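Trainee: Numbering (the working numbering), first residue to last: 65 to 251. All C-beta atoms in this analysis are idealised placements derived from N, C-alpha and C, irrespective of residue type, glycine included. Bear in mind the structure is a predicted one, so any value in this text is a computation, not a measurement.
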């Protein structure tokens, strides 16, 4: 790690390998498929190294989610949200986010399960996921600052994902609920 606390190039490459290994294992076997020893082997790192970066399975999987949200932000910077008004742009963002999550349902279930596990070491990463998604929604709205509606939409998005992974709502119903929430909060 450098003096300012950022990862060196080799550390970042190692971290990326560990995240990719965890995601690959989640694709193959969901939550149960992600075993720390297997992640370490697949990423070609020592088990102790994996635990230094990610103190728990939950921390690792929420970090995978943070990486996914970061990739969404990157894609949105290349192809900005479509829509003539803020509600349409936010709905486009939420549809894109959910489309990505629906492509790999076992990974999504594992990530959300880790997110809601209540493991205290995960709280800072959960906050980063929430802050990243909040920033994405804020950018789509083209609004700066502390806007309560953005916080509420971020919370509704996370709650809707929990509804989806637990079978309370279908993926299509989640999109409908998010569009309803966007309309109520921003309309």
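Going by CA-CA distance only, name the one from 216, 178, 228, 230 that's closest to residue 123.
Mentor: Of the listed residues, the one whose Cα sits closest to residue 123 is 178.
Trainee: Is it right to say residue 202 is buried, meaning 16 or more other beta carbons lie within 10 angstroms of its own, or is it exposed?
Mentor: That one is buried.
Trainee: Are the beta-carbon atoms belonging to residue 18 and residue 112 less than 9 Å from one another?
Mentor: Residue 18 falls outside the range modelled here, since the chain spans only 65 to 251, and no answer is possible.
Trainee: Can you give the Cα-Cα distance for residue 67 and residue 158, rounded to whole angstroms?
Mentor: Here residue 67 scores only 47 on pLDDT, less than 50, and its place in the model should not be relied on; the value that follows carries that caveat. Their Cα atoms are separated by approximately 37 Å.
Trainee: Look up residue 66 in the DSSP assignment and say whether it is helix, strand or coil.
Mentor: Caution is warranted here: a pLDDT of 48 is assigned to residue 66, below 50, making its placement in the model unreliable, and the coordinate value is therefore given only provisionally. Coil at residue 66, not helix or strand.
Trainee: DSSP three-state call for residue 211: helix, strand or coil?
Mentor: In the structure shown, residue 211 sits in coil (DSSP, three-state: anything other than H, G, I, E or B).
Trainee: Can you give me the Cβ contacts of residue 129 inside the same chain, cut-off strictly under 7 Å, excluding the 5 residues immediately before and after it?
Mentor: 175, 179, 193.
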